[in-house]
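Enquirer: Sequential numbering from 0 applies to the sequence shown in numbering that gives the first Met the number 0.
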Amino acid sequence: MSALDELFGLEGKRAMVTGARSGIGRMAAEVLARAGADIVGLGSRPMPDTASGIRALGRSFTEITVDLTGDVNFDAVLAQAGPVDILVNNAGQIRRQDLLAFDRTDWDEVLQINLSAAFGLSQAVARELHQGGRGGRIINIASLLSFQGGIRIVSYAAAKHGLLGLTRAMANELASLGITVNAIAPGYIETDNTEALRNDPGRSQAILQRIPSGRWGAPGDLAAAILFLAGPGASYVTGSCVTVDGGWMAR
Numbered sequence: 000m001s002a003l004d005e006l007f008g009l010e011g012k013r014a015m016v017t018g019a020r021s022g023i024g025r026m027a028a029e030v031l032a033r034a035g036a037d038i039v040g041l042g043s044r045p046m047p048d049t050a051s052g053i054r055a056l057g058r059s060f061t062e063i064t065v066d067l068t069g070d071v072n073f074d075a076v077l078a079q080a081g082p083v084d085i086l087v088n089n090a091g092q093i094r095r096q097d098l099l100a101f102d103r104t105d106w107d108e109v110l111q112i113n114l115s116a117a118f119g120l121s122q123a124v125a126r127e128l129h130q131g132g133r134g135g136r137i138i139n140i141a142s143l144l145s146f147q148g149g150i151r152i153v154s155y156a157a158a159k160h161g162l163l164g165l166t167r168a169m170a171n172e173l174a175s176l177g178i179t180v181n182a183i184a185p186g187y188i189e190t191d192n193t194e195a196l197r198n199d200p201g202r203s204q205a206i207l208q209r210i211p212s213g214r215w216g217a218p219g220d221l222a223a224a225i226l227f228l229a230g231p232g233a234s235y236v237t238g239s240c241v242t243v244d245g246g247w248m249a250r
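1) Per the contact definition of three or more C-beta pairs closer than 8 Å, is the segment 37–47 in contact with the segment 59–68?
2) Let me check one thing: in DSSP terms, what residues is E194 bridge-paired to?
3) Tell me which residue opens and which closes the alpha helix (DSSP H) that F7 is part of.
4) When you compare only the Cα positions, how much space is there between R133 and R126?
5) Are L163 and A195 touching if we call contact CB-CB under 8 Å?
6) Using DSSP bridges, identify the partner residues of A14.
7) Can you tell me whether I150 is buried or exposed, with buried defined as 16 or more other CB within 10 angstroms of its CB?
8) Of the residues L114, V87, G52, which one's Cα is nearest the Cα of I93?
9) Assuming E189 is part of the beta strand (DSSP E), what are its boundary residues?
10) In this structure, what does DSSP give as the bridge partners for E62?
11) From A2 to G232, what does the alpha carbon distance come to, in whole angstroms?
12) Identify, in the order they occur along the chain, each residue of the same chain with its Cβ nearer than 7 Å to the Cβ of I112, setting aside the five sequence neighbours on each side.
13) Taking F7 and L226 to be in contact with their CB atoms under 8 Å, please state how far apart those CB atoms are, rounded to whole angstroms.
14) Is the segment 211–222 touching the segment 241–248 in the sense that three or more CB pairs, one from each, lie closer than 8 Å?
15) Could you check where the beta strand (DSSP E) with N113 kicks off and where it finishes?
16) Taking only runs of the beta strand (DSSP E) that begin and end inside the segment 118–194, which ones reach a length of at least 3 residues, in chain order?
17) Take the Cβ of T179 as the centre, count every other Cβ of all protein chains shown within 10 Å, and call the residue buried at 16 or more, exposed below.
18) Is it buried or exposed, L228, if we count other Cβ atoms within 10 angstroms and call 16 or more buried?
19) How many Å lie between I137 and L207 at the Cα?
20) Alpha carbon to alpha carbon, how far is A100 from P82? Give it in angstroms, no decimals.
21) Please state the DSSP three-state secondary structure of G201.
22) Is the beta carbon of A36 closer than 8 Å to that of K12?
23) In the DSSP output, what is V243 paired with across the bridge?
24) Report the three-state DSSP secondary structure of G57 (helix, strand or coil).
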């Protein structure tokens with residue numbers, strides 16, 4: 000085994016990635032597959048492009064279609080998926096509306112998919128890892144809105160603040176079981192969730208002026224952080240949040 004494999008190799012591991020159809024989720028699935036992991040992709044819609052990409056890398060791909068905004072039996076989802084060693088909670092939605100008019104349904108659904116589903120799936124995976132006597136990795140995709148309030152996105156900010164708190168709380172309880180729990184806080188990344196901002200010339204320009212790197216991020220900019228936190232070399236890293244934001248939080 001090479002020195003790099005000792006730090007980052009995932010041969011023989013299985014990773015579940017939620018929201019794996021596109022954007023950050025698809026990138027996470029592919030980078031974990033390149034490191035040797037087989038992939039379980041979980042999403043609300045079929046993901047043929049992700050499936051073909053993973054299989055082209057010589058790894059197996061299991062697809063599970065489930066609506067995380069609803070009432071989900073996560074133990075049943077995990078039974079369908081089979082054992083996993085790595086969980087990436089990436090699935091999420093954002094709803095934009097002025098606070099005084101914010102719709103309660105939008106509040107409930109955003110909290111459900113961004114926070115409650117991440118808790119339920121993490122709990123199910125942690126139980127299975129513990130019962131199997133195995134350690135594992137849980138990686139939550141947080142946000143700059145885990146630290147800031149934002150504008151017109153009250154449910155998203157609340158959920159992402161909660162996700163960072165959940166990361167730390169789970170890390171405290173699961174460390175003794177050999178399960179690490181960490182988060183990654185992306186900056187402004189070119190995904191479906193930021194399309195409205197990128198299409199608004201005024202907002203896009205204001206955002207770019209705040210980013211020291213001077214550009215929007217790409218999903219691939221998170222690849223190294225994903226691989227680091229998932230790999231065997233990060234066994235003593237837990238309860239942490241890696242910010243990948245082009246310098247936004249340092250400004």
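All residues carry an ideal CB built from backbone N, CA and C; glycine is no exception.
Expert: Taking the coordinates as given:
1) yes
2) Here residue 194 corresponds to residue number 195 of the sequence shown, with the count starting at 1. BP columns for E194 are empty, so no partner.
3) Translated into positions along the sequence shown, residue 7 becomes position 8. Note, F7: alpha helix (DSSP H), 2–7.
4) On the sequence shown, residue 133 is found 134 positions in, with the first residue counted as 1. On the sequence shown, residue 126 is found 127 positions in, with the first residue counted as 1. If you take the alpha carbons of R133 and R126, they lie about 10 Å apart.
5) Locating residue 163 in the sequence shown gives position 164, where the first residue counts as 1. Locating residue 195 in the sequence shown gives position 196, where the first residue counts as 1. No, they are not a contact pair.
6) The sequence position of residue 14 within the sequence shown is 15, counting from 1. In DSSP, A14 forms a bridge with I38, I85.
7) Reading the sequence shown from its first residue, position 151 is the one you call residue 150. Under this definition I150 is an exposed residue.
8) For the purposes of this step, residue 93 is taken as residue 94 along the sequence shown, with counting starting at 1. Among L114, V87, G52, the Cα nearest to that of I93 belongs to L114.
9) The residue labelled residue 189 in the question sits at position 190 within the sequence shown. Per DSSP, E189 belongs to no beta strand (DSSP E) and is neither H nor E.
10) Here residue 62 refers to the residue found at position 63 of the sequence shown. E62 pairs with G40.
11) Within the sequence shown, the letter at position 3 stands for residue 2. Within the sequence shown, the letter at position 233 stands for residue 232. Looking at the two C-alpha atoms, the distance is approximately 10 Å.
12) Locating residue 112 in the sequence shown gives position 113, where the first residue counts as 1. Excluding positions up to five away in sequence, the list reads L67, T68, A90, G91, Q92.
13) Taking the sequence shown and counting its residues from 1, one reaches residue 7 at position 8. Taking the sequence shown and counting its residues from 1, one reaches residue 226 at position 227. Confirmed, Cβ separation roughly 5 Å.
14) yes
15) Position 114 of the sequence shown, counted from the first residue, corresponds to residue 113. Run containing N113: none; DSSP gives neither H nor E here.
16) 135–140, 178–185
17) In the sequence shown, the residue the question calls residue 179 occupies position 180. By the 10 Å Cβ count, T179 comes out buried.
18) As a first step, residue 228 is located in the sequence shown; it is residue number 229 there, counting from the start. Buried, by the Cβ-count rule.
19) In the sequence shown, residue 137 corresponds to position 138, counting from 1. In the sequence shown, residue 207 corresponds to position 208, counting from 1. Cα-Cα distance, rounded: 31 Å.
20) Counted from its first residue, the sequence shown places residue 82 at position 83. Counted from its first residue, the sequence shown places residue 100 at position 101. One C-alpha to the other measures close to 43 Å.
21) On the sequence shown, position 202 is the one that residue 201 refers to. If DSSP states are grouped into helix, strand and coil, G201 belongs with the helices.
22) Position 13 of the sequence shown, counted from the start, is the residue given in the question as residue 12. Position 37 of the sequence shown, counted from the start, is the residue given in the question as residue 36. Yes, they are a contact pair.
23) Taking the sequence shown and counting its residues from 1, one reaches residue 243 at position 244. Residue pairing by DSSP places V243 opposite P185 in a beta bridge.
24) Taking the sequence shown and counting its residues from 1, one reaches residue 57 at position 58. Reduced to three states, the DSSP call for G57 is coil.
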